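K.L.:
There are 4 protein chains.
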Amino acid sequence: MTETTTNPFDTDDDAFHEECGVFGVWNAPDASALTALGLHALQHRGQEASGIVSLGEKGFRSHKGLGLVGDIFGDARVIASLPGRAAVGHNRYATAGETALRNVQPLYADFAFGGFAVAHNGNLTNALALRRQLVRRGCLFQSSTDSEVFVHLIAISLYATVLDRLIDALKQVDGAYSLVALHDGALMGVRDPLGVRPLVLGRLGADQNNAWVLASETCALDIVGAEFVRDIEPGEIVVIDDTGVRSVKPFANTANRFCIFEYIYFARPDSVVEGTPVYDTRKRIGAELARESGVEADVIVPVPDSGVPAAMGYAQEAGIPFELGIIRNHYVGRTFIEPTDNIRHLGVKLKHSANRAAIEGKRIILVDDSIVRGTTSKKIVEMMRQAGAAEVHMRISSPPTTHSCFYGIDTPEREALMAANHSVEEMARIIGVDSLAFISLDGLYRALGRPGRDAKDPGYCDACFTGDYAIPLTDLVGHKEREPALLALNGV
Amino acid sequence: MTETTTNPFDTDDDAFHEECGVFGVWNAPDASALTALGLHALQHRGQEASGIVSLGEKGFRSHKGLGLVGDIFGDARVIASLPGRAAVGHNRYATAGETALRNVQPLYADFAFGGFAVAHNGNLTNALALRRQLVRRGCLFQSSTDSEVFVHLIAISLYATVLDRLIDALKQVDGAYSLVALHDGALMGVRDPLGVRPLVLGRLGADQNNAWVLASETCALDIVGAEFVRDIEPGEIVVIDDTGVRSVKPFANTANRFCIFEYIYFARPDSVVEGTPVYDTRKRIGAELARESGVEADVIVPVPDSGVPAAMGYAQEAGIPFELGIIRNHYVGRTFIEPTDNIRHLGVKLKHSANRAAIEGKRIILVDDSIVRGTTSKKIVEMMRQAGAAEVHMRISSPPTTHSCFYGIDTPEREALMAANHSVEEMARIIGVDSLAFISLDGLYRALGRPGRDAKDPGYCDACFTGDYAIPLTDLVGHKEREPALLALNGV
Amino acid sequence: MTETTTNPFDTDDDAFHEECGVFGVWNAPDASALTALGLHALQHRGQEASGIVSLGEKGFRSHKGLGLVGDIFGDARVIASLPGRAAVGHNRYATAGETALRNVQPLYADFAFGGFAVAHNGNLTNALALRRQLVRRGCLFQSSTDSEVFVHLIAISLYATVLDRLIDALKQVDGAYSLVALHDGALMGVRDPLGVRPLVLGRLGADQNNAWVLASETCALDIVGAEFVRDIEPGEIVVIDDTGVRSVKPFANTANRFCIFEYIYFARPDSVVEGTPVYDTRKRIGAELARESGVEADVIVPVPDSGVPAAMGYAQEAGIPFELGIIRNHYVGRTFIEPTDNIRHLGVKLKHSANRAAIEGKRIILVDDSIVRGTTSKKIVEMMRQAGAAEVHMRISSPPTTHSCFYGIDTPEREALMAANHSVEEMARIIGVDSLAFISLDGLYRALGRPGRDAKDPGYCDACFTGDYAIPLTDLVGHKEREPALLALNGV
Amino acid sequence: MTETTTNPFDTDDDAFHEECGVFGVWNAPDASALTALGLHALQHRGQEASGIVSLGEKGFRSHKGLGLVGDIFGDARVIASLPGRAAVGHNRYATAGETALRNVQPLYADFAFGGFAVAHNGNLTNALALRRQLVRRGCLFQSSTDSEVFVHLIAISLYATVLDRLIDALKQVDGAYSLVALHDGALMGVRDPLGVRPLVLGRLGADQNNAWVLASETCALDIVGAEFVRDIEPGEIVVIDDTGVRSVKPFANTANRFCIFEYIYFARPDSVVEGTPVYDTRKRIGAELARESGVEADVIVPVPDSGVPAAMGYAQEAGIPFELGIIRNHYVGRTFIEPTDNIRHLGVKLKHSANRAAIEGKRIILVDDSIVRGTTSKKIVEMMRQAGAAEVHMRISSPPTTHSCFYGIDTPEREALMAANHSVEEMARIIGVDSLAFISLDGLYRALGRPGRDAKDPGYCDACFTGDYAIPLTDLVGHKEREPALLALNGV
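Residue numbers (UniProt numbering), protein chains in the order written: chain X, 1 to 492; chain W, 1 to 492; chain V, 1 to 492; chain U, 1 to 492.
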């Protein structure tokens, strides 16, 4: 069908992409308005599309759209069309091919036992295998999202209660995921058995009796004035209903393998993860980087915006002035295309420009969070040299990204990862810097408050740096002979 | 969910509505362009939405839209996006609530055995019952169309071939339907066992070897230059592939109960049905009406456009001049709403205006095809009197519509049908005519070339006039307690 | 500028095009709703765009759009945004290049003396010359419409009152036009000195004291329930204010040269022009045609829709049956393009199809209103022969169209007019008919109730048949060296 | 008319607003693509709308739109529709009422002497007075922009050449403005006699012979790879044609009164103004502020994004750590409305959130660029206290804003300016800070490299701080009795 299939291993952009944010509210007036605010605070986790499903006296209501939360839900009439005291919402990052409205979450289904809405952040590693089985059984898929596998598994489960059906479904899937789900009697939150993707529980103030919030990050609790209660645990299901919060732990084996890259890049700096502010962690990583690979320089220049806290930590540790040597243009529209070859050869940077005043004649240390394909780093270094930098050193606040992520982060295939194919020296030469250094794996763990990486129990998922994939990669085997068209009942 | 449920028994308009047209092509270059032309010729059967699925070397492609065929498929780039030598298409009539893009046909599904597209004209009378069973089994519905029931039944069938799965599905459904379906190896056409809805087979010219067309009416063959071959028979499946046309007749009991109202109103006057031109039949009905219920008058005035041929037949038989006493405005937009009470009281007619020159001081006979609720007839009669008609007689080219249609025509419930609740005399008084007459049931059959209605083998479905429902009305039992929300996996 | 210039001498379609309708109301509640209804009734005079300017307590309000009246003004909220007891409106026909919203009338200007809205039907024959003078004087044009010339002439007039400024402007323009204009104190209606374009005055019922209506045709009075008062006279200005209707006749020389083609084709059949119903006139023309050029035949077939009344008149006079041998498809979308050469060679007719039942084996007489380029006639004749017509005779209810219209009708240049370049015999051969005849000029005048054409005082503008151009064609001289870009201050 | 009039003295937002950016290119291939890039770099000066007029072999072409440059001009087909080697462009900031497409610049007019496009940044202080005169003369206005006054003045000028007409027009207007204008023979750039608004000249590289660029800021030269040549001088007209650049100085009295607020807030930090990098100046202002009003604290927190460089300067001078205590959310959509009272009472901050990790328990110094109404400052201080700040001191890198700007910056009326109505102590109390200090006027001048403010020749326009309005405020007198409807020929 005309539906373009998404190759999760192919990106056209030299950056990691955030992979969705989820939010849920139970028992609060204006539940959908709170959800819209929460999604706004989680906008950095996905800017392509958003959806909210609310549950009111007259049943479930849904609204979804492509674009920013404020544009989709900023109109009071839209919020008014989503009445009720419970709601779940979702922000989506999506590559071009799959930005179809029918892929926008939360997904909703009317089961024989009632309505059910679910939103999920993450990736199932056996979704295609499951999908194939389900299609053989006669299930018709309407979207190309992993989430729909959940919905079908719940629909065909032989168990009676929603919770038992959900557990039945969860036991069949592999992957890294956080879910929020809403049915007529409860709001539920789930983290995968290794807790790779984040999910936190919050409580709305004294005046809002027994009002609860689930969110991908604490910054979404802050915006609605909710008090942080605790992280959902790996493998835990929380069931929130009018009697309170109940915890179910259906998995025999769980461990904590929280995504270390959330600390480095994804999470918002003002979020608190596992009791530690992300901002502090990033500054500590920067300081550790300064200790590990210091170099003489005149100024520290962050690659905005993600490199800023690490650069500040580096500058403070190194005692070198921190300067805004690169200005970021936040007004880049969705569709800016370089229109002619002539223009393309200008090597125009639409997002970044050099601040010559801070750079000219200076030895600079660029601090960035990661190098993926290396193409952007190369352009930025060129820009620095054109603006008169005397020396350009680059320091990266993560170890070399040598492996692809299959747990919810949109990374290129290994052949496209610069660090998977080149030594650090080669990378320095290609990118054109006078020196290049990454934080060491142990240094990263030290910044997180550990003595170093414990290979037996690292405590984090760091597969992108180590290849230590803790969750089986079922779909990856036989990836090449994968069906060209995803199996879908195509509504549009 | 926000999805508005469709009540098939409630219309807001005083008219019958056509219920869809289908078209399919096999083995012709420009298959999708031919399909667009065919759908254009079938536009009178549905003006709300259209869709085409084509099958080319790179698989299936689909395009759907709301509006007229010319607006959806008039752009050559759209046709170019639908390559291939086979295609199926669909025009849809739809009441307001269900005009969602995801309800637009053809429906497409990727089954385990390959892609499958289907478009259907008609109505299943046990669709809700089947839907309930399928949902209990774990099937997730994405649309509120009957067609999706077919698709799920095919998906879960235990048979191996597409044809056997289709037969398996057809044996479970009751209703009046014509289907065109396309899969990788064949184009298929189906008429229900009683042949209530039409479907014809055509062949494209000598230069297009083994190129075949299926269409709801012959006027769609004419526009693409296809030669009429034959009507598909009641209960017949035709399977068209590169070896030619094969006929499968899986039903033990079939009979011909073609919808008599297609002759009276639905079919285009230039179509030929069962070997008889619709135009001729309508004129013969008008002549029969003149013989049965002649009255002295100065002019015959058709209610345009559907009443015109019957009025011509009446005029020729009666020897009374035929005059355009009512002018139809074809430019009524989609959304014309009478904006204020003051305006509403003007009794404005947006579609019709009186042509005083043809009416003033005259005794007129209005000829129309049917009376549904009677509200439009009443307005037209008032308009005639205001324009100075001396007498207004009304003659109707169908018997009184006393029963609702459940076989694909969108009629009001019985309580809203004027003829179900009033004698002809009462109707005449309410509508305000000096006399009113309908053609008799036997007269109608005479116009169709029979001696009269044979109650044992009428040869047509005339349930709307007789209540003789030949197909069981499963869903109608228990209609009141029907679920308020249709069971759907809601993509949008 | 990107604005495409409009060449009024070039059309891409083989038909005349109606050139705008105007409507105005004074002193009625719901003035804008009445105007929308009036414009709907005048939709046949222009389907490309519509606009209404209303005058209420808070001043002037405007709404304009591209498309049908019902689509632009059908929403009650739009009408509510146009409050007041006075309004003027306009329907526009436009060739592709100039369908810019800024060309949609009524035009509105805030003059030093107050607001002023004007809508006009027709064409100025010295608009370019005036425009050039005004631009040299420093006037900035924003549209490419003739109407803006009026507005500038009024703006720069040295007279004090609006009426005097309007007269000052009218005396400078040549052309065929009807205007409705609205300012703070009055509604005004104007017909050009020769009365080429129509304008009628109506009065709203007893309950609406002193409520007046101006409209292009009486069918627009009928729809709002207004009583016909009289035609505005050639060269007359009517000024309607709260004291009643006043007539001003500023031109020394006036004459009646009403467009004879309004009778033949443009006006709606249910309109009454100069006391004569258009429908009757068309039938009389058909009867005259039968007398002048009768031929043996089996059936009379009208080319729908415009040829129908003349065909009926012909059939009644000749005593030959009238049959619908051509079915018109009213659902042709705006953008239907034949997508491939292969399809184009099929010679598909999107608007017309043959009704074989009425034609096969018959000698037919096709009755149409005119032949412009001849291409459509040729296609229709081919279609008739393919449907089995034994003989095809064509009778035209107007004399040969040998000259272009410069007075408001969009006709091709002379070199494209078939009758300007071929004898009737040649035309018959090219079109492919067995015989061809046009009504004679004197026959046409006889059908209008005159003994024949009086060359000294024809009483009608018939320049398209005679070349007798009664209004000077100033702009036409030097047409070839006309500026490529119209002079416009380009807002959008 | 429905056109909402814009009150330039009323804003609904607690911030200054940038007032437009302009860009022009002469003699470069891909002129419109370069212009799109230049406008992208100037996006901070206006995000509501953009337009480009190009001049190619076939004359002028125009494209305009509402939204960001990338969204309007990112499509290569749009750029392809704007061919030629010369172009001018404009970014617009606009308050809600006037965001009509017809107000979007550049304005284009076809004069008697040829086409002319103009884009302007700034404000005329006698625009209404001139407009009134022009309307009395018979000029019809189509937009509500000041720029159209220019166009009419040029159109009616009695001088012969474009340049003389431009000078004639310039001599009649008062105000602060920079213009770029394009006609068939030249690109022109103008700065007002006091040089209040910026305009720079650049040259495209050796491979682009005699290719010139005009832009509001140097950052727009950088993005297209143009070399900075010089600032256009106050009162200077540069005429760029194929013979090179010519300077015309038609004004007797000129002086340099460049807008000091461009340094403080408007200009992009990587731009260079009058030879001084804006970034350096802002840091020096911050350092001066630290010297003038130092206070003991633990961290310096910038109010992002505009307060960042001053905060860095402050932190470096004071030796206090610089921390990101406030995180800015860059994804705020256009239409985010707080939907319910309940939500509004949460005091949600959509643009800013507190970074508790950097603030909690700390004495903080907030550094911002200005206080307008004070409402945002109050909210931010509350947010800091809720996040646990022990003390909150506020330091402002501009003197108190006591007067409105009439020279192109959208400021509230005086009664809404906090500093116009309260002492610094009162402001501190209202805002809720422990201490508040503004940089002194002399301190500001010192940071700009002067010994202090020289009242006789300040060298900058600082009217917003001093009330020293160097350009007459003609329209302001009699502001109250200003016409409610702007005088406009309303195209849409």
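Note that CB positions come from ideal geometry on N, CA and C, so glycine has one too.
Predicted, not measured: the structure shown is a model, and the values here were computed from it.
According to DSSP, is T376 (chain V) helix, strand or coil?
P.N.:
In the third sequence, the residue the question calls residue 376 (chain V) occupies position 376. T376 (chain V): helix per DSSP, three-state reduction.
K.L.:
Return the first residue and the last residue of the beta strand (DSSP E) that V104 (chain X) is part of.
P.N.:
In the first sequence, the residue the question calls residue 104 (chain X) occupies position 104. No beta strand (DSSP E) holds V104 (chain X); DSSP gives it neither H nor E.
K.L.:
Using the Cα positions of H183 (chain U) and G114 (chain U), report the straight-line distance between them to the nearest angstrom.
P.N.:
Position 183 of the fourth sequence, counted from the first residue, corresponds to residue 183 (chain U). Position 114 of the fourth sequence, counted from the first residue, corresponds to residue 114 (chain U). Going from the Cα of H183 (chain U) to the Cα of G114 (chain U) covers about 7 Å.
K.L.:
Rounded to whole angstroms, what is the Cα-Cα separation between G374 (chain V) and M418 (chain V)?
P.N.:
Numbered from 1 along the third sequence, position 374 holds the residue referred to as residue 374 (chain V). Numbered from 1 along the third sequence, position 418 holds the residue referred to as residue 418 (chain V). One C-alpha to the other measures close to 6 Å.
K.L.:
Taking F228 (chain W) as part of the beta strand (DSSP E), name the residues at either end of that continuous run.
P.N.:
Your numbering for residue 228 (chain W) matches position 228 in the second sequence. Segment 227-231, the beta strand (DSSP E) holding F228 (chain W).
K.L.:
Please list the partners that I156 (chain U) has in chain V, where partner means a Cβ-to-Cβ separation under 9 Å.
P.N.:
For the purposes of this step, residue 156 (chain U) is taken as residue 156 along the fourth sequence, with counting starting at 1. In chain order: R137, G138, C139.
K.L.:
Please decide whether H152 (chain U) counts as near chain V, where near means a Cβ-Cβ distance under 8 Å.
P.N.:
By 1-based counting over the fourth sequence, the position of residue 152 (chain U) is 152. Yes, H152 (chain U) counts as interfacial toward chain V.
K.L.:
Can you check whether the CB of V272 (chain X) is closer than 8 Å to the CB of G38 (chain X)?
P.N.:
In the first sequence, counting from the first residue as 1, residue 38 (chain X) sits at position 38. In the first sequence, counting from the first residue as 1, residue 272 (chain X) sits at position 272. Their beta carbons are not under 8 Å apart, which means G38 (chain X) does not touch V272 (chain X) by this criterion.
K.L.:
Mind listing, in chain order, the continuous alpha helix (DSSP H) runs of no fewer than 4 residues lying wholly within the region 251-339 of chain U?
P.N.:
Qualifying alpha helix (DSSP H) stretches, in chain order: 278-293, 308-318.
K.L.:
Identify the residues that DSSP records as bridge partners of G21 (chain X): which are they?
P.N.:
On the first sequence, position 21 is the one that residue 21 (chain X) refers to. Partner(s): X:N91.
K.L.:
If we require 3 or more residues per run, which beta strand (DSSP E) segments fall completely within the region 389-422 of chain U?
P.N.:
391-396, all fully within the region 389-422 of chain U.
K.L.:
Apply the 10 Å Cβ neighbour rule to D231 (chain W) and answer buried if 16 or more other Cβ atoms are within range, or exposed otherwise.
P.N.:
Along the second sequence, read from residue 1 onward, the residue named residue 231 (chain W) stands at position 231. It is buried - the Cβ of D231 (chain W) has at least 16 other Cβ atoms within 10 Å.
K.L.:
Please compile the residues from chain U whose C-beta is within a distance smaller than 9 Å of the C-beta of A76 (chain V).
P.N.:
Start at 1 with the first residue of the third sequence, and residue 76 (chain V) comes out as number 76. Going along chain U, no residue has its Cβ under 9 Å from A76 (chain V), so there is no contact; the nearest lies around 17 Å.
K.L.:
Measuring alpha carbon to alpha carbon, tell me which of W:Y177, W:G202, W:R446 ends up nearest G195 (chain W).
P.N.:
Indexing the second sequence from 1 puts residue 195 (chain W) at position 195. The option with the nearest alpha carbon to G195 (chain W) is W:Y177.
K.L.:
Tell me whether I365 (chain V) sits in a helix, a strand or coil according to DSSP, three-state version.
P.N.:
Within the third sequence, the letter at position 365 stands for residue 365 (chain V). The answer is strand: DSSP assigns I365 (chain V) an E or B state.
K.L.:
For T5 (chain W), would you say it is in contact with chain X, using Cβ-to-Cβ distances shorter than 8 Å as the test?
P.N.:
Here residue 5 (chain W) corresponds to residue number 5 of the second sequence, with the count starting at 1. Because the pLDDT at T5 (chain W) is just 23, under 50, the model does not fix this residue reliably, and the value given afterwards should be weighed accordingly. No, because no Cβ of chain X sits closer than 8 Å to the Cβ of T5 (chain W).
K.L.:
Drop a sphere of 10 angstroms on the beta-carbon of Y314 (chain V), count the other beta-carbons inside from all chains shown, and report buried for 16 or more, exposed for fewer.
P.N.:
Reading the third sequence from its first residue, position 314 is the one you call residue 314 (chain V). Buried.
K.L.:
Whole-angstrom Cβ separation of residue 495 (chain X) and D468 (chain X), contact assumed at under 8 Å?
P.N.:
The structure shown does not extend to residue 495 (chain X), since chain X is modelled only from 1 to 492, so the question has no answer here.
K.L.:
Just verifying my parser: in three-state terms, what is the DSSP assignment at L134 (chain W)?
P.N.:
As a position in the second sequence, residue 134 (chain W) is number 134, starting the count at 1. Of the three classes helix, strand and coil, the one that applies to L134 (chain W) here is helix, per DSSP.
K.L.:
For a contact defined as C-beta to C-beta under 9 Å, what are the partners of I285 (chain U) on chain X?
P.N.:
If you number the fourth sequence from 1, residue 285 (chain U) lands on position 285. The premise fails here: I285 (chain U) is roughly 14 Å from chain X at the closest Cβ pair, so nothing lies under 9 Å.
K.L.:
When the cut-off is 8 Å and only beta carbons count, does A181 (chain V) lie next to chain U?
P.N.:
The sequence position of residue 181 (chain V) within the third sequence is 181, counting from 1. Closer than 8 Å: no.
K.L.:
Residues in its own chain within less than 8 Å of V69 (chain V) by CB, not counting five upstream and five downstream?
P.N.:
Along the third sequence, read from residue 1 onward, the residue named residue 69 (chain V) stands at position 69. Closer than 8 Å at the Cβ level, and outside the excluded window around V69 (chain V), lie A36, L39, H40, Q43, S50, N91.
K.L.:
So A112 (chain X) contacts chain W; which residues on that side make the cut at Cβ distance below 9 Å?
P.N.:
Taking the first residue of the first sequence as 1, we reach residue 112 (chain X) at position 112. Simply R132, V135, R136, R137, G138, L487.
K.L.:
Between A155 (chain U) and A109 (chain U), how many whole angstroms is the CB-CB distance? I'm expecting something under 8 Å.
P.N.:
In the fourth sequence, counting from the first residue as 1, residue 155 (chain U) sits at position 155. In the fourth sequence, counting from the first residue as 1, residue 109 (chain U) sits at position 109. 7 Å between Cβ atoms; contact.
K.L.:
What span of residues does the beta strand (DSSP E) with D475 (chain X) cover, start to end?
P.N.:
Looking up residue 475 (chain X) in the first sequence gives position 475. Where D475 (chain X) is concerned, there is no enclosing beta strand (DSSP E), given that its DSSP letter is neither H nor E.
K.L.:
Distance, Cα to Cα, Q47 (chain W) vs Y331 (chain V)?
P.N.:
As a first step, residue 47 (chain W) is located in the second sequence; it is residue number 47 there, counting from the start. As a first step, residue 331 (chain V) is located in the third sequence; it is residue number 331 there, counting from the start. The alpha-carbon atoms of Q47 (chain W) and Y331 (chain V) are separated by roughly 8 Å.
K.L.:
Fully enclosed by the region 112-165 of chain V, which alpha helix (DSSP H) runs are 4 residues long or longer?
P.N.:
The qualifying runs are 127-137, 147-156.
K.L.:
How would you label Y159 (chain U), buried or exposed, when you count the other beta carbons within 10 angstroms and need 16 or more for buried?
P.N.:
Position 159 of the fourth sequence holds residue 159 (chain U). Y159 (chain U) should be labelled exposed.
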